[in-house]
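Asker:
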Amino acid sequence: MGFALELEKAGIPTIPVSTHAFARLAKATTLAAGMPTVRNAFVLQPVVGLSPAELREYIDGIDPINKRPFMDVVLDGLTGPLTDEDYKGATFERTTPRFLEPDTEDNLRQRFMLEGWTDYLPIILPTEERVEAMLKGTSHPGDLFVNRMAPTAFREKWDFDVEKVAINAVMAGCRPEYLPVVLALCSSGFSARSSSTTSWATISMINGPIRDEIGMNYGIGAMGPYNHANATIGRAYCLLSMNAQGGSEPGVTYMGSVGNNWNTTACFAENEADSPWEPFHVSKGHSPDESTAAIFFGGWYTQAGFGPRDSWQEKFKRCITAADHFSPPFIVMDPLVAKDFAKMGYTRDSLREWCAENAKMKAKYYWDDQWTTTLIKPHADAGVEPYATWMKADPEDMISIFRPEDFEIVVTGGQTQGAFKMISGRLVGGAGFRAGTSKGSPLFSIDKWR
Amino acid sequence: MTQKITVMDPRGYPPKVEGKRLATRPERLDGKVLYLIDCLFDNADVFMEQLRLWFAEHMPNVETRLERPKESWVDDPEMRRRVVEGGDVAIIGVGL
């Protein structure tokens with residue numbers, strides 16, 4: 003859609019073709035771009051997996067939204083004279099007031115749900131008094147700009163300041179001392195409520211002294227609902243994302259087909275003391291006394307296992323090759339597992355390299371994937387390595403499916419079981435698809451928001 | 246619970262929307278250059294090829310050129326420049 007809008011602005015009549023499932027989203031997007039009369043044509047969902055003959059039937063058939071022959075919509079859209087509405091576009095200002103109209107607590111709770119401002123779990127209503135108390139958790143003024151956020155790349159970005167973060171932190175149930183952590187996550191400008199059809203989620207991890215200062219759990223049940231700070235910080239980041247970016251409404255600003263529980267809350271801390279390796283943030287160039295937030299973008303799958311047993315190498319190969327090829331895993335190890343790997347002589351980096359080198363599959367299976375085709379193949383076509391080499395491989399050849407830098411390894415848990423999880427999640431700000439695209443530390447400073 | 250209270254709005258600050266006009270349309274497509282832009286979603290290239298075949302069969306006087314950006318979801322000013330400089334109209338799909 004972004005291309006279509008830019009081409010229209012540049013004087014090229016353009017018809018964006020979308021599937022019918024995106025009709026509301028298309029309308030909302032063009033309206034927010036000031037061009038509400040863009041002449042969209044639609045075909046039925048899906049397009050993926052259909053044969054050329056089936057797609058030709060779409061072209062020869064009826065546009066399911068405009069209720070006219072598809073090609074009539076296309077040709078009329080390209081040649082039909084402009085109307086007054088087309089010429090003027092739509093200029094308007096939307097404002098969000100600082101305060102809502104006074105109402106009873108029951109009515110306000112109902113309103114927050116009806117407006118789509120909650121995750122449908124109970125919230126703390128953000129009165130001015132509560133928000134002021136929350137703001138005592140940071141030295142920064144409420145009107146300080148924090149960042150911009152959008153549910154996806156082609157939507158307009160909305161601004162938010164420290165006060166908006168504090169409001170959503172109140173709603174989530176945070177205590178004021180958690181606010182610097184929530185601000186760090188939100189300062190990423192990276193939405194925890196992506197609108198993608200693939201139901202992305204963010205999972206965040208905290209390192210450094212702040213973990214103990216605010217009583218985060220990195221022991222038994224570290225990734226479960228067993229700690230006030232873990233639970234409410236992750237929830238605050240999710241609530242802020244949906245509210246600051248202008249919504250997370252199914253069909254309009256959220257298109258995740260299946261959805262994702264991690265869009266409710268997903269935040270934990272690393273167990274630095276019981277890890278055999280340096281803390282994760284130290285491995286990224288920070289000092290141990292800094293506090294940082296890491297954001298993993300994924301949440302598509304979780305593989306799990308125990309050990310490492312004698313056959314761990316086969317287990318790891320099975321887990322990694324069962325991962326979705328586009329979304330590499332970050333590996334979460336209980337300290338018992340990490341210690342055993344350390345005893346075998348593995349460092350974080352050498353284990354990452356082992357994973358990349360040994361988790362292989364036939365090239366034909368790697369490329370037979372919607373997202374490697376959509377997102378990685380263009381890099382292969384452009385000659386970016388290792389994708390170009392993987393693309394040239396014989397379909398029967400065994401190829402790696404991730405690079406060492408695609409893996410991250412973190413340690414958390416209470417040592418009641420030698421358990422590990424491989425969770426879909428690419429480190430935000432980390433290794434992109436091109437070598438050298440990462441700039442500096444990918445972690446977000448918590449200390450700057452104290 | 247009937248006492249009224251005042252609470253704060255949790256939403257961010259939306260940008261001002263500036264209206265933009267659509268491009269002027271040609272009266273007909275005969276002799277025009279139509280760019281068919283594959284937005285790189287899986288199977289979009291197959292759809293665009295079918296559109297190209299449709300024009301070849303039904304409107305052979307329209308010159309079609311297949312085009313694609315470097316990456317999905319990432320602007321490609323170089324591709325847009327090629328379309329603006331060399332084309333009259335465009336169709337892009339399939340997706341958002």
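Residue numbers (my numbering), protein chains in the order written: chain A, 3 to 452; chain B, 246 to 341.
Beta carbons are placed, not taken as given, at the ideal position from N, Cα and C, and that holds for glycine.
1) For a test of the three-state rule: what should DSSP assign to Q417 of chain A, helix, strand or coil?
2) Can you name, in chain order, every residue of its own chain whose Cβ lies under 7 Å from the Cβ of M456 of chain A, other than the five neighbours on each side?
3) What would DSSP say about I212 of chain A, mapped onto helix, strand or coil?
4) Mapping DSSP to helix, strand and coil, what is P331 of chain A?
5) What does P305 of chain B reach in chain A if we use C-beta pairs closer than 7 Å?
6) In angstroms with no decimal places, state the Cα-to-Cα distance between I297 of chain A and L285 of chain B.
7) In whole angstroms, what is the alpha-carbon distance linking R270 of chain B and T81 of chain A?
8) Determine the contact status of S243 of chain A and S193 of chain A, defining contact as a CB-CB distance below 8 Å.
9) So, helix, strand or coil for G63 of chain A, using DSSP?
10) Pairing CB atoms from the segment 229-248 of chain A with CB atoms from the segment 102-116 of chain A, are three or more of them under 8 Å?
11) Work out the CA separation of A289 of chain B and I282 of chain B for me, nearest whole Å.
12) So is I222 of chain A buried or exposed if we call it buried at 16+ other beta carbons inside 10 Å?
13) Using the beta-carbon of each residue, which ones in chain B are nearer than 7 Å to R96 of chain A?
14) Per DSSP, P18 of chain A is paired with what?
15) Classify N149 of chain A as helix, strand or coil using the three-state DSSP reduction.
16) So if DSSP puts Q305 of chain A in a beta bridge, which residue, or which two residues, is it bridged to?
17) In whole angstroms, what is the alpha-carbon distance linking R135 of chain A and P182 of chain A?
18) Rounded to the nearest angstrom, what separates L187 of chain A and M151 of chain A at their Cα positions?
19) Name the two residues that bound the continuous alpha helix (DSSP H) containing C240 of chain A.
20) Between which two residues does the alpha helix (DSSP H) harbouring C321 of chain A extend?
21) Is the distance from the Cβ of S329 of chain A to the Cβ of I212 of chain A below 8 Å?
22) Return helix, strand or coil for E308 of chain B, following the three-state DSSP convention.
23) Do the CB positions of T98 of chain A and Y280 of chain B come within less than 8 Å of each other?
24) In chain B, what lies closer than 8 Å to F162 of chain A by C-beta?
25) For A289 of chain B, decide whether its Cβ has a neighbour in chain A, counting only Cβ atoms nearer than 8 Å.
26) Measuring straight from C-alpha to C-alpha, what distance separates E272 of chain A and P281 of chain A?
27) Does F72 of chain A come out as helix, strand or coil in the three-state DSSP assignment?
28) When DSSP labels each residue in this structure, what does C188 of chain A get in the three-state scheme?
29) Give, in chain order, every residue of the segment 103-130 of chain A whose Cβ lies closer than 7 Å to some Cβ of chain B.
30) Could you spell out where the beta strand (DSSP E) holding F162 of chain A opens and where it closes?
31) R100 of chain A versus chain B: which residues are under 9 Å apart at the beta carbon?
32) Under 8 Å, Cβ to Cβ, is there at least one residue of chain A near T309 of chain B?
33) Can you check whether the CB of Y367 of chain A is closer than 8 Å to the CB of W392 of chain A?
34) What residues in its chain sit with their C-beta under 7 Å from that of T125 of chain A, if we drop five residues either side in the sequence?
35) Strictly under 8 Å for the Cβ-Cβ distance: is R297 of chain B near chain A by that measure?
36) Decide if S189 of chain A is buried, meaning its Cβ has at least 16 other Cβ atoms within 10 Å, or exposed.
Answerer: Taking the structure as given:
1) Against the first sequence, residue 417 of chain A aligns to sequence position 415. Reduced to three states, the DSSP call for Q417 of chain A is coil.
2) There is no way to answer for residue 456 of chain A, as the model of chain A reaches only from 3 to 452.
3) As a working mapping, residue 212 of chain A is identified with position 210 in the first sequence. Residue state, collapsed to three classes: helix.
4) In the first sequence, the residue the question calls residue 331 of chain A occupies position 329. Three-state result, P331 of chain A: strand.
5) The residue given as residue 305 of chain B occupies position 60 in the second sequence. Correct list: empty, because the minimum Cβ distance to chain A is about 15 Å.
6) Your numbering for residue 297 of chain A matches position 295 in the first sequence. Your numbering for residue 285 of chain B matches position 40 in the second sequence. Cα to Cα, I297 of chain A sits roughly 27 Å from L285 of chain B.
7) Residue 270 of chain B sits at position 25 when you count from the first residue of the second sequence. Residue 81 of chain A sits at position 79 when you count from the first residue of the first sequence. Whole-angstrom Cα-Cα distance: 5 Å.
8) One-based indexing of the first sequence puts residue 243 of chain A at position 241. One-based indexing of the first sequence puts residue 193 of chain A at position 191. Closer than 8 Å, so yes.
9) Locating residue 63 of chain A in the first sequence gives position 61, counting from the first residue. Note: G63 of chain A maps to coil in three-state DSSP.
10) no
11) What you label residue 282 of chain B is simply residue 37 of the second sequence in a count that begins at 1. What you label residue 289 of chain B is simply residue 44 of the second sequence in a count that begins at 1. Cα-Cα distance, rounded: 9 Å.
12) By one-based count along the first sequence, residue 222 of chain A stands at place 220. I222 of chain A is exposed by the Cβ-count criterion.
13) Locating residue 96 of chain A in the first sequence gives position 94, counting from the first residue. Residues of chain B passing the Cβ test: P259.
14) Residue mapping note: residue 18 of chain A aligns to position 16 of the first sequence, counting from 1. P18 of chain A is bridged to B:I337.
15) As a first step, residue 149 of chain A must be located in the first sequence, where it is residue number 147. Strand.
16) As a first step, residue 305 of chain A is located in the first sequence; it is residue number 303 there, counting from the start. Answer by DSSP bridge pairing, in chain order: A:M424.
17) Indexing the first sequence from 1 puts residue 135 of chain A at position 133. Indexing the first sequence from 1 puts residue 182 of chain A at position 180. The question names Arg, but residue 135 of chain A in the sequence shown is Ala. Cα to Cα, A135 of chain A sits roughly 14 Å from P182 of chain A.
18) As a working mapping, residue 187 of chain A is identified with position 185 in the first sequence. As a working mapping, residue 151 of chain A is identified with position 149 in the first sequence. If you take the alpha carbons of L187 of chain A and M151 of chain A, they lie about 12 Å apart.
19) Numbered from 1 along the first sequence, position 238 holds the residue referred to as residue 240 of chain A. Here the alpha helix (DSSP H) through C240 of chain A covers H230 to A246.
20) Against the first sequence, residue 321 of chain A aligns to sequence position 319. Unbroken alpha helix (DSSP H) run through C321 of chain A: W314 to A324.
21) Walking along the first sequence from the start, residue 329 of chain A turns up at place 327. Walking along the first sequence from the start, residue 212 of chain A turns up at place 210. No, the Cβ-Cβ distance between S329 of chain A and I212 of chain A is not below 8 Å.
22) In the second sequence, counting from the first residue as 1, residue 308 of chain B sits at position 63. Reduced to three states, the DSSP call for E308 of chain B is strand.
23) Against the first sequence, residue 98 of chain A aligns to sequence position 96. Against the second sequence, residue 280 of chain B aligns to sequence position 35. No, the Cβ-Cβ distance between T98 of chain A and Y280 of chain B is not below 8 Å.
24) Start at 1 with the first residue of the first sequence, and residue 162 of chain A comes out as number 160. The answer, in chain order, is G257 and Y258.
25) The residue given as residue 289 of chain B occupies position 44 in the second sequence. A289 of chain B counts as touching chain A.
26) Along the first sequence, one-based indexing puts residue 272 of chain A at 270. Along the first sequence, one-based indexing puts residue 281 of chain A at 279. Going by the C-alpha atoms only, they are around 8 Å apart.
27) Here residue 72 of chain A is taken as the residue at index 70 of the first sequence, counted from 1. Reduced to three states, the DSSP call for F72 of chain A is helix.
28) Position 186 of the first sequence, counted from the first residue, corresponds to residue 188 of chain A. Looking at C188 of chain A - three-state DSSP - the assignment turns out to be helix.
29) P104, D105, T106, E107, D108, L110, W119, L127, P128, T129 and E130
30) The sequence position of residue 162 of chain A within the first sequence is 160, counting from 1. W160 to D163 is the span of the beta strand (DSSP E), which, as asked, contains F162 of chain A.
31) As a first step, residue 100 of chain A is located in the first sequence; it is residue number 98 there, counting from the start. Ordered by position in chain B, the residues that pass the 9 Å Cβ test against R100 of chain A are M253 and D254.
32) For the purposes of this step, residue 309 of chain B is taken as residue 64 along the second sequence, with counting starting at 1. Chain A contact via Cβ: absent.
33) As a working note, residue 392 of chain A is residue 390 in the first sequence. As a working note, residue 367 of chain A is residue 365 in the first sequence. No.
34) Numbered from its first residue, the first sequence carries residue 125 of chain A at position 123. Checking the displayed sequence, the identity of residue 125 of chain A turns out to be Ile instead of Thr. Closer than 7 Å at Cβ, skipping near neighbours: F114 and M173.
35) The count along the second sequence starts at 1 and reaches residue 297 of chain B at position 52. No, R297 of chain B lies away from the interface with chain A (no Cβ there is under 8 Å from its Cβ).
36) Counted from its first residue, the first sequence places residue 189 of chain A at position 187. Buried, since its Cβ has 16 or more Cβ neighbours within 10 Å.
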